[in-house]
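Okay, structure first, notes after.
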Amino acid sequence: MLLVGLLAAVGLSAVPPSTPPAWAATQEDEVFARVNSERSANGLQPLSRDSTIEAAAEQWAQHLSDSGTFEHSSNDWRSARIPAGWNSQGENIARGYTSSDAVMTGWMNSDGHRRNILSSSYTRIGIGYVAAGNYWVQIFAGYSGDTRPPLSAGTPTLTGTPAVGQTLTAQTGTWGPSPVSLSLQWFRGGTAIAGATGTTYTTTFLDSGARLSVSVTGTKSGYRTTTVSSASTAEVATDKVVERIDGSDRYAVSVAIAAKAYPGTAPVVFVASGENYPDALAAGPAAAKEGGPLLLTPGSSLPQSVEEAIRRLAPDRIVVVGGVKSVSEVVVSRLKTIQSEVDRVAGADRFEVSRNLAVRSFSDTPPSRVYVVTGNTFADALSAGAAAAAQRVPVILVNGVQSSADAATLDTISALGVTKVTIGGGPNSVSPGIEASLTQLLPDTTRLAGADRYVASQAISRDAYPGTASQVLLSTGLNFPDALAGAAWAGVISAPLYVVPGNCVPRGVVEEIYRVNASTVSLLGGPASLTPEVKKLVVCG
0 MLLVGLLAAV GLSAVPPSTP PAWAATQEDE VFARVNSERS ANGLQPLSRD STIEAAAEQW
60 AQHLSDSGTF EHSSNDWRSA RIPAGWNSQG ENIARGYTSS DAVMTGWMNS DGHRRNILSS
120 SYTRIGIGYV AAGNYWVQIF AGYSGDTRPP LSAGTPTLTG TPAVGQTLTA QTGTWGPSPV
180 SLSLQWFRGG TAIAGATGTT YTTTFLDSGA RLSVSVTGTK SGYRTTTVSS ASTAEVATDK
240 VVERIDGSDR YAVSVAIAAK AYPGTAPVVF VASGENYPDA LAAGPAAAKE GGPLLLTPGS
300 SLPQSVEEAI RRLAPDRIVV VGGVKSVSEV VVSRLKTIQS EVDRVAGADR FEVSRNLAVR
360 SFSDTPPSRV YVVTGNTFAD ALSAGAAAAA QRVPVILVNG VQSSADAATL DTISALGVTK
420 VTIGGGPNSV SPGIEASLTQ LLPDTTRLAG ADRYVASQAI SRDAYPGTAS QVLLSTGLNF
480 PDALAGAAWA GVISAPLYVV PGNCVPRGVV EEIYRVNAST VSLLGGPASL TPEVKKLVVC
540 G
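Structure below.
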C-alpha cells in the first residue's frame, strides 16, 4: 500500500472561488482519462472507475479543503468506505494544482505517485477534486475478480425538475455487450437513499437543498462488474414559500415582525428588554391577548427604529414590561413623548413579573389553561410563548429547580380561574416536585417535553395545533430575541413557532410543517441566526 502526497510549487496561498460541480466533475474525468492513457502507454490494463471509491475520494478531498490540512486518509478510513474484498490499495493526494493536466504531470514526475498510477496490482480508481484550495485525491484498489474484461458502460443522465414532490427519471445509457443486467441506486448528497433503486424517484422533503444523483451498476457473466454515476442535479427546491423577517439587529427584527403583524395601527404596544429574555418571555402572550405587538429595546435608550414603529402604530397605550433595571426611566420618558399613557408591569424578579402580567392581561375572562415554564433558561419558553399567544392564555415563569411550586405561583393560577396547566419542558427544566404541586392544585396538569429543546418545541406546538396551520415560524433555539417578538405575531396569525439549530431544520420540525399543511414558512432573523440552509429547509443529519 503506497500513500504519497504532492504539493504544487506555486500558487499555494491562492484559494479560488467555488467551482461548479459540473466543472469539478470534468476535471475528475480528465484525470481518469490521463491515468488510463499513461497505463496504456506502459502496457498496463486500464483501471475501472468505481463510484463508491470515487465517493470516498471526493469526501476526503472535501475534508482537506474544509480543514485546510494536507494529509492522507487512514487505512481504516478508506477500508470502511471502499468496496470490501480488496487485496491492495493506495492513495495519491495533491494540493495547489489548478488543472488536471498540471496535477497529472506533477504526479507522473514523482516516483511514489507514478508507482501508484502504474501499479499492475490495482484494478479500480476513484478521483476527487475540490476547487477551494485545489485539492486532488486518487484512491486505488485492486480486486482479484477484476481480471475479467470490462463492460462498455453507458452514461447515466437524469431528467425532471429537482423540486420537492417532483419525479426524476434516470436514463442508463447504452451498455454492452448486450444483454447487460443493470441495477440502480439513487443518492442524496452522496449518501444512498434507502429503497430508491428504480428508474424513477419522487423527491420528498428530506431532499430539500440536496443534490441528487444515480449510480448504475452493470453485471454480465464473464465480465467485470462496472458502476458509473450520473452528474448531480441542482439543489432540490422546497415546495414551500419561505420568507425571512430580518433586520440590522434584534431591535430592528422586532420592528419588522411588528410590521408584518400590524401593517396599520394597534391599540396597544408592549415594550420589553431585548438584552435579556425573562420579562419578554411572558410578554408575548399578553401582547397578543390585548391586540398589539411586542417591541424590544435596550435598557438605557429607545432605538430610533423602535420609536418610529410605535409612532406608526399610534397605540392608545404602551405597556412596559420589567423594572427599571430592565427598561430604564429614560426609555419610559421617551415613550411618553409618543403616548402619554405608559404603564409599567414590574416585580421583584422575573417570576413575579410573569405573574403580574398574567393577572393584568388575563383576569377579565378565565383562560382555558396556563403554561408553566422555567424562567432560568429560554429554550422551552420560546415555543410555549407562541402557543400561549395563539390561544390567548398566559405563561407563568417558575424557578424550575425548586422542589415544589411556590405559594405565589399557586395563588396566581387559582386566581386566574384556569382548569388546566401545561408544563413546557422536561424535568430538568421544571422539576417533578413542581409538577406534583401543580397536579395537586389542578389534576389536569400535563407536561410537554422532549429529548432536547427542538423536540420539546415540536411537542408544544403539536399540542397547540392538532389540525392545520397555513403558516409556521422558525427561530433559532440558540438565542432568544427573535422568537420573543415572534411569539406575539404567532398569536395574531395562529402559527406554530418551532426553534431550530442555526444551520439546518430537524426532521421532526419539517414533518410538523407538512403535518399542519403549511404553505408558508417564515424565518425570524437574519443569516447569522438562521443560515441559508435553513431557508432551503435542509434537514439536519
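When we follow numbering that gives the first Met the number 0, the leftmost residue of the sequence shown carries the number 0, and every step to the right adds one.
No residue lacks a Cβ here, since even glycine has one placed at the ideal position from N, Cα and C.
Since we're looking at a predicted model, the values are computed, not measured.
Cutoff 6 Å; reference residue i; Cβ partners in own chain excluding five residues on either side
i: Gly-540; result: none
i: Ala-54; result: Gly-189
i: Thr-264; result: Leu-312 and Ala-313
i: Gln-170; result: Thr-156
i: Ser-180; result: Thr-218
i: Glu-27; result: Ile-126 and Tyr-128
i: Ala-191; result: Gln-184
i: Ala-233; result: Pro-161
Residue i in three-state terms, based on DSSP
i: Thr-225; result: strand
i: Asn-275; result: coil
i: Trp-185; result: strand
i: Tyr-513; result: helix
i: Thr-296; result: strand
i: Gly-105; result: helix
i: Phe-204; result: helix
i: Ser-36; result: helix
i: Glu-306; result: helix
i: Thr-530; result: coil
i: Gln-88; result: strand
i: Gly-540; result: coil
i: Gly-374; result: coil
i: Gln-338; result: coil
i: Gly-217; result: strand
i: Tyr-497; result: strand
i: Gln-390; result: helix
i: Gln-457; result: helix
i: Ile-192; result: coil
i: Gly-525; result: coil
i: Ile-492; result: helix
i: Leu-381; result: helix
i: Ile-52; result: helix
i: Leu-43; result: coil
For residue i, the nearest candidate out of the options (CA to CA)
i: Val-533; options: Ser-50, Gly-159, Met-103 and Ala-209; result: Ala-209
i: Lys-419; options: Trp-174, Thr-444 and Ser-304; result: Thr-444
i: Val-323; options: Ala-482, Asp-278, Ser-518 and Val-240; result: Asp-278
i: Ala-130; options: Leu-63, Gln-88, Arg-147 and Pro-155; result: Leu-63
i: Leu-536; options: Asn-375, Val-240 and Asn-74; result: Val-240
i: Thr-453; options: Val-254, Ala-387, Val-508 and Leu-293; result: Thr is not the amino acid found at residue 453; the sequence shown has Tyr there. Ranking Val-254, Ala-387, Val-508 and Leu-293 by Cα distance to Tyr-453 puts Val-508 first.
i: Gly-374; options: Val-392, Ala-404 and Pro-365; result: Ala-404
i: Ser-118; options: Gly-144, Val-429, Ser-87 and Pro-148; result: Ser-87
i: Thr-154; options: Ser-214, Trp-185, Ser-109 and Asp-206; result: Ser-214
i: Leu-496; options: Gly-194, Gln-137 and Ala-380; result: Ala-380
i: Pro-465; options: Asn-516, Thr-438, Gly-490 and Thr-336; result: Asn-516
i: Gly-89; options: Asp-145, Asn-115, Ser-66 and Thr-198; result: Asn-115
i: Val-30; options: Leu-477, Arg-514, Trp-106 and Ser-460; result: Trp-106
i: Thr-475; options: Val-136, Pro-500 and Leu-43; result: Pro-500
i: Pro-393; options: Ala-468, Ala-260, Ser-362 and Val-538; result: Ser-362
i: Gly-144; options: Arg-223, Ala-385, Pro-178 and Gly-67; result: Arg-223
i: Thr-237; options: Ser-528, Ile-512 and Asn-427; result: Ile-512
i: Cys-503; options: Gly-197, Phe-204 and Ala-193; result: Phe-204
Check whether residue i and residue j have beta carbons under 9 Å apart
i: Val-268; j: Ile-309; result: yes
i: Trp-59; j: Gly-127; result: yes
i: Pro-266; j: Gly-290; result: yes
i: Leu-46; j: Arg-123; result: yes
i: Gly-283; j: Ala-494; result: no
i: Ser-413; j: Leu-440; result: yes
i: Thr-408; j: Phe-350; result: yes
i: Ala-388; j: Ala-255; result: no
i: Val-371; j: Gly-423; result: yes
i: Val-498; j: Ser-382; result: yes
i: Ser-229; j: Val-163; result: no
i: Ile-244; j: Leu-523; result: yes
Contacts around residue i, its chain only, beta-carbon distance under 8 Å, and the 5 residues preceding and following it disregarded
i: Thr-296; result: Tyr-250, Val-270, Ala-271, Ser-272, Gly-273, Pro-302, Val-305, Val-326 and Val-330
i: Ser-17; result: In this predicted model, Ser-17 has a pLDDT of only 41, less than 50, meaning its place in the structure is not dependable; the value taken from the coordinates is given anyway. Cβ within range, chain order: Ala-130 and Ala-131.
i: Asp-342; result: Arg-316, Ile-317, Val-318 and Val-319
i: Gly-298; result: Ser-272, Glu-274, Lys-324, Ser-325, Val-326, Ser-327 and Val-330
i: Gln-165; result: Gly-159, Thr-201 and Thr-202
i: Asp-49; result: Ile-81, Pro-82, Arg-123, Ile-124, Gly-125, Ala-140 and Thr-226
Cβ neighbours of residue i in the same chain (closer than 7 Å, five flanking residues each side left out)
i: Val-9; result: Low confidence applies here, because Val-9 scores a pLDDT of 30, under 50, leaving its location unreliable; read the following figure in that light. Cβ within range, chain order: n/a, list empty.
i: Ala-458; result: Leu-447, Ala-448 and Gly-449
i: Ala-152; result: Trp-174, Gly-217, Thr-225 and Val-227
i: Lys-335; result: Val-341
Counting only runs of 3+ residues fully inside the stretch 114-174, write out the beta strand (DSSP E) ranges in chain order. 123-129, 134-141, 156-158 and 166-170
Which runs of the alpha helix (DSSP H), 4 residues or longer, sit entirely within the stretch 410-464? 431-440 and 452-463
Taking only runs that begin and end inside the stretch 236-278, name each unbroken alpha helix (DSSP H) of 4 or more residues, in chain order. 249-260
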